[in-house]
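Trainee: Protein chains in written order, with the numbering used here: chain A, 26 to 282; chain B, 30 to 348; chain C, 5 to 358.
Here you go, one structure.
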Amino acid sequence: MSDVVLAGVSVAYDGAPVVWDLDLSVASGEWLALIGPNGAGKTTILRAIARLVPFRGAISIGSRAVTELSSREVARQVAVLVQEPQMPVGMTVSQYVLLGRAPHLGYLGKESARDRGIVREVVRRLSMEELASRPLDRLSGGERQRAAIARALAQQAPVLLIDEPTSSLDVGRQQSVLELIDQLRREQELTVIAAMHELTLAGQYADRLALLVDGRLAAVGPAAEVLTERAITEHYRAQVRVIQMNGSGTAVVPVRS
Amino acid sequence: MRMHQPGASAKLAFRFFAVAFVSVFLVASCGGTPTSSTSAPASHFPVSITEPSGAIVTIAHQPHRVVSLSPTATEMLFAIGAGSQVIAVDDQSNFPANAPTTKLSGFTPNIEAIAAYTPDLVVAAEDTGSLVHGMQALNVPILLEPAARNLDDSYLQIKQLGLATGHSTQADSLVASMRSQVGALVASVSKPARRLKVYHELDNTFYSVTSATFIGQAYKLLGLTNIADAATAATPDYPQLSPEFIVSSNPDLIVLADTKCCQQDLNAVAARPGWRAIAAVKSGHVVGVDDDIASRWGPRIVDFMRAVASQVKQIEMAA
Amino acid sequence: MTATVTVSVVSERPAALAGMPRLPWPWAAAGLGALVICCAVGVLVGPVHIGVGAVVQALIGGQVDPGQANILWSLRFPRVVLGVLVGGTLAVSGAAYQGVFRNPLADPYLLGAAAGANLGATLAIAFAPGTSILGVNIIPLAAFVGAGAAVAGAYALGRSVTGLRSATGLILAGVAIAAFFNSIQSYVQQTQTASIRQVYSWILGRLVTAGWDDVLLILPYVILSAAAIFVHRRLLDALTLGEDEVTSLGIPVRRVRLIVVVAATLGTAAVVAVAGTIAFVGIIVPHAIRLLIGRSYRVVIPLSMLFGAAFLVLADAGARTVVAPAELPIGVITAFLGAPFFIAVMRSTRAAAL
């Protein structure tokens with residue numbers, strides 16, 4: 026089981042509280058989108074789950090508290106896709122994806138043939154064989170995002186944390202990246218928690234949305250319940266029209282008064 | 030350009046006159062018989078002295094508050110009987126023992142600290158830190174006596190200091206005595222069957238001196254072959270020699286001028302890798318000299334030459 | 005639980021995926037070849053001519069002129085071996101510092117190792133001349149201790165200021181410590197003018213005085229340092245990711261950084277203690293390897309050892325032959341050979357990659 030449960034979680038940076046007393050549970054295999062205005066604490070929650078930042082309260086993955094796990098064990102449970110992955114100059118795609126095997130190696134361990142085989146399978150699954158020996162700095166934006174997903178996938182962790190997966194991509198690439206994540210989630214029964222700023226896409230791909238405001242949970246539920254004109258106007262200070270599209274989700278359209 | 034013409038020509042004329050004056054004066058004082066046998070007659074002043082650089086220094090009255098920033102000049106001043114006129118010497122001036130050593134530095138001179146002694150003559154070896162400019166601004170005469178290239182340079186400096194302090198007579202007799210002692214030492218070293226080879230060491234990373242230097246001239250006078258002369262093409266004065274070159278040159282005599290800086294002696298040299306094979310080490314002709322004597326160009330060069338000559342005689346005797 | 009990822013690993017050997025990190029064996033062979041050739045040059049050239057035959061005879065224990073045997077065994081061989089150790093260590097330590105600090109300008113002296121060594125040596129020369137501890141001259145010991153103290157000080161300062169969250173804090177702490185140590189060193193040097201000559205010739209890098217005792221003195225540290233950095237080469241690759249990304253892979257970033265910095269400092273301190281500060285090797289060699297061969301530390305670390313050693317032995321051969329029988333400071337040669345070569349490499353590879 027790889028459900029993620031947060032109970033009474035608070036995070037502070039240098040004494041300044043960023044997340045307050047948060048309760049949230051994500052079922053195994055579910056896709057939860059964290060939405061909310063800039064600075065609401067979306068990234069901080071992801072960092073807390075991956076234990077990249079100290080927190081108060083309890084976070085558990087598959088009923089084990091993350092604080093009881095070693096950092097290598099956490100890394101075998103949770104793969105993190107940061108908003109702007111660092112793409113080391115000159116590093117090939119294969120080499121980069123291979124780094125995802127780190128949690129499965131000892132401190133000074135060496136990748137085995139099995140590790141290399143897993144990388145090969147992941148690269149094949151993402152149709153990146155042609156790019157395998159290409160340096161990361163010579164990839165397009167969409168290819169980079171796929172490489173980052175491949176690296177996270179090679180980690181073989183049941184929980185995938187994604188911070189803004191579609192920033193700086195055009196609408197077509199946004200869709201193909203999200204489709205890919207969704208397919209992988211279904212194939213491999215991944216639990217996905219993603220901070221998303223594109224509300225329409227969040228509503229279309231996530232099972233549930235959690236709206237965060239000033240480090241507190243303002244609403245959580247399916248898109249149709251959370252994405253209301255009132256809530257968005259109030260919390261984002263935006264002029265929007267929310268349109269329910271038959272069978273295609275909820276569209277949030279900015280309007281100019 | 031035209032604006033500067035009159036000034037420049039006036040300067041030139043002055044320099045010309047002054048050179049002529051000093052030349053005449055020097056000839057008179059060197060060649061002539063001394064008129065007074067006691068301390069220098071104050072009537073000789075003012076005097077003008079041409080430095081090796083060509084600059085002319087005029088000293089109006091006999092100085093009684095001399096500051097020396099050059100250890101060599103300090104040794105010379107005391108040797109010609111001008112010591113009582115010296116009120117302060119720099120921190121490196123450690124000879125003679127009664128020299129009034131102060132914290133003044135000749136490497137990084139502090140104009141204000143020097144001025145605090147209200148000197149009426151400053152002697153230095155180098156114009157570092159705008160020393161000359163600073164002293165001229167204070168109207169204090171400053172005489173530069175830079176590193177000598179040979180004994181004649183050294184003799185001339187002693188005479189100039191004699192002139193500047195009113196001790197020409199003593200300076201002349203000191204030079205005469207040095208000349209005769211050096212001559213005797215050179216004569217005492219008989220023409221050997223083969224020329225002996227010498228290695229002079231400045232520090233324990235094998236910096237040495239060639240015959241183009243003051244100390245190298247002393248070896249030349251004593252008829253020694255200086256192994257460092259092989260390196261003059263690229264480094265004419267103070268080459269750093271390869272140890273394998275020193276070992277294969279097999280010098281008969283090793284002179285260590287790094288006894289104080291680097292605590293070198295026969296044992297230390299013998300302990301160096303490969304050096305036991307050198308003739309000088311095998312026969313024990315590794316002589317330590319006072320680093321200071323070997324790096325100055327004062328009257329004690331005679332002592333240095335005597336020490337070297339005695340080694341040369343021992344080596345010849347053993348042969 | 006991790007079995008949720010359904011990846012079928014075929015039992016028979018799968019076709020290797022392109023672009024996997026590995027040390028390209030032709031380059032490894034080239035590095036070994038370069039080292040052998042440079043060592044051969046190193047033992048064959050010098051102000052004293054010794055023929056190939058004599059060198060071979062000396063090595064296999066045959067009949068050699070005792071004078072030549074003395075020069076070979078007492079002076080040239082230890083000097084070449086010391087050059088191998090010093091060059092390899094400086095290049096590997098430079099590569100390691102660049103990896104740990106993600107800073108292409110990092111060199112082994114970045115955290116104050118040179119400043120500390122210079123201060124230690126200057127203090128020993130000025131205040132305890134000629135002393136030795138357990139039969140070892142105090143100057144290299146003091147230099148070793150000084151280098152270690154400077155880096156430890158930088159580390160402690162960096163940790164107290166930034167909690168080591170960023171490498172930049174550590175670098176700035178190193179710069180501050182180096183400046184502080186340099187100022188004390190200059191003060192001591194200015195006030196103890198009697199020892200100024202020895203201090204200067206100590207600070208200028210040199211292999212002139214190399215002997216077997218120097219080799220033995222630094223050998224344990226150099227081996228330990230190189231081995232520790234070598235086994236961290238995979239982790240150094242991981243450190244090229246962002247801080248959060250490395251940590252989320254379960255890699256203890258601070259521990260890796262501490263161990264690698266300690267190892268590189270140990271090697272650098274040992275090398276500085278016997279050879280003084282030799283610049284450029286630690287920057288030029290690893291970067292030339294990155295530009296020409298590959299950026300993975302699995303490539304950079306082993307090849308830096310080989311090419312760094314070869315480069316320094318060659319530079320030292322130049323130092324003792326260009327103006328023979330005089331010596332040139334080796335730093336003059338490393339910069340004179342290294343800088344144009346490095347510029348040529350940068351131009352030919354159109355390095356977008358620095």
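Cβ coordinates follow ideal geometry from the N, Cα and C atoms, glycine included.
Would you mind sorting Ile229 of chain B into buried or exposed? The rule is 16 or more other CB atoms within 10 Å of its CB.
Mentor: It should be pointed out that residue 229 of chain B corresponds to His in this sequence rather than to Ile. The residue in question, His229 of chain B, is buried, as its Cβ has 16 or more Cβ neighbours within 10 Å.
Trainee: Kindly indicate the opening and closing residues of the alpha helix (DSSP H) around His129 of chain A.
Mentor: Per DSSP, His129 of chain A belongs to no alpha helix (DSSP H) and is neither H nor E.
Trainee: Excluding five sequence neighbours on each side, which residues of the same chain lie with their C-beta closer than 6 Å to the C-beta of Gly191 of chain B?
Mentor: Ile109, Ser197 and Ala200
Trainee: Check whether chain B comes within 8 Å of Gly335 of chain C, counting only Cβ atoms and requiring the distance to be less than that.
Mentor: Gly335 of chain C does not count as touching chain B.
Trainee: According to DSSP, simplified to helix, strand and coil, what is Asn186 of chain C?
Mentor: helix
Trainee: Quick one: what's Val105 of chain A bridged to in DSSP?
Mentor: A:Leu186
Trainee: Any heavy atom of the ligand MN closer than 7 Å to the beta-carbon of Leu133 of chain A?
Mentor: No copy of the ligand MN appears in this structure; indeed no ligand is present at all.
Trainee: Is the beta carbon of Met221 of chain A less than 8 Å from the beta carbon of Leu59 of chain A?
Mentor: yes
Trainee: If you follow the beta strand (DSSP E) that Trp45 of chain A is part of, which residue opens it and which one closes it?
Mentor: Start and end: Ala41 to Val51.
Trainee: Distance cutoff 8 Å, beta carbons only. Does Pro302 of chain B sit that close to anything in chain C?
Mentor: yes
Trainee: Hey, could you find the ends of the alpha helix (DSSP H) Ala83 of chain A is sitting in?
Mentor: That residue, Ala83 of chain A, is in no alpha helix (DSSP H); its beta strand (DSSP E) goes Arg81 to Ile86.
Trainee: What does Pro25 of chain C touch in chain A if you count any residue whose Cβ is under 8 Å from its own?
Mentor: Within 8 Å of the CB of Pro25 of chain C, the CB atoms of chain A belong to Thr117, Ser119, Gln120 and Leu123, in sequence order along the chain.
Trainee: Using DSSP bridges, identify the partner residues of Leu237 of chain A.
Mentor: A:Leu242
Trainee: Using the C-alpha atoms, what's the distance from Asp321 of chain B back to Leu285 of chain B?
Mentor: 12 Å
Trainee: In the DSSP assignment, what are the bridge partners of Pro160 of chain A?
Mentor: A:Thr117
Trainee: Could you tell me the distance, in whole angstroms, from the CA atom of Pro70 of chain C to the CA atom of Phe345 of chain C?
Mentor: 40 Å
Trainee: Between the beta-carbon of Leu161 of chain A and the beta-carbon of Met116 of chain A, is there less than 8 Å?
Mentor: Less than 8 Å separates the beta-carbon of Leu161 of chain A from that of Met116 of chain A.
Trainee: Which word fits Tyr38 of chain A, buried or exposed, when buried means at least 16 other C-beta atoms lie within 10 angstroms of its C-beta?
Mentor: exposed
Trainee: Quick one: Cα of Val49 of chain C to Cα of Ser277 of chain B, how far?
Mentor: Val49 of chain C and Ser277 of chain B have their alpha carbons spaced roughly 14 Å apart.
Trainee: In the DSSP assignment, find the unbroken beta strand (DSSP E) run with Pro279 of chain A in it and report its ends.
Mentor: Gly274 to Pro279
Trainee: Within 8 Å (strictly less), CB to CB, does Arg211 of chain A reach chain C?
Mentor: no
Trainee: Are the C-beta atoms of Thr6 of chain C and some chain A residue less than 8 Å apart?
Mentor: In this prediction, Thr6 of chain C scores a pLDDT of 42, lower than 50, which makes its location untrustworthy; the coordinate-derived value is nonetheless stated afterwards. Chain A, which has a Cβ nearer than 8 Å to the Cβ of Thr6 of chain C, makes this yes.
Trainee: For Ala128 of chain C, I'd like the list of residues in its chain whose CB is within less than 6 Å of its CB, leaving aside the five on either flank, ordered along the chain.
Mentor: Ile142, Ile143 and Ala146
Trainee: Looking at the C-beta of Thr172 of chain C, does it have a partner C-beta in chain A at a distance below 8 Å?
Mentor: No, because no Cβ of chain A sits closer than 8 Å to the Cβ of Thr172 of chain C.
Trainee: Taking only beta-carbon atoms, is Val148 of chain A less than 8 Å away from chain C?
Mentor: yes
Trainee: Checking 8 Å against the spacing of the C-beta atoms, do Leu270 of chain B and Ala263 of chain B come in under that value?
Mentor: no
Trainee: Starting from Thr325 of chain C, trace the alpha helix (DSSP H) in both directions and tell me its first and last residue.
Mentor: Tyr301 to Thr325
Trainee: Could you spell out the range, first to last residue, of the beta strand (DSSP E) harbouring Ser97 of chain B?
Mentor: Val95 to Ser97
Trainee: Can you check whether the C-beta of Leu192 of chain B is within less than 8 Å of a C-beta belonging to chain C?
Mentor: no
Trainee: CB Val292 of chain A to CB Gly61 of chain A, shorter than 8 Å?
Mentor: Chain A is shown only over 26 to 282; residue 292 of chain A falls outside these bounds and no answer can be derived.
Trainee: For Leu318 of chain C, would you say it is in contact with chain B, using Cβ-to-Cβ distances shorter than 8 Å as the test?
Mentor: no
Trainee: Within its chain, find whatever has a CB closer than 6 Å to the CB of Ser58 of chain B; leave out the 5 residues flanking it on each side and keep chain order.
Mentor: Low confidence applies to Ser58 of chain B: its pLDDT is 39, below 50, so where it sits in the model is not reliable enough to give any reading.
Trainee: List the residues that DSSP assigns as beta-bridge partners of Trp56 of chain A.
Mentor: A:Val217
Trainee: Here's the rule: buried if 16 or more other CB atoms are within 10 angstroms of the residue's CB, otherwise exposed. What is Arg258 of chain C?
Mentor: Arg258 of chain C counts as exposed, since fewer than 16 other beta carbons sit within 10 angstroms of its beta carbon.
Trainee: Smallest Cα separation from Gly152 of chain C: which of C:Ser136, C:Ser164, C:Ala214 and C:Leu115?
Mentor: C:Leu115
Trainee: One question on the structure: do Asp248 of chain C and Val107 of chain A come within less than 8 Å of each other, judged by their Cβ atoms?
Mentor: yes
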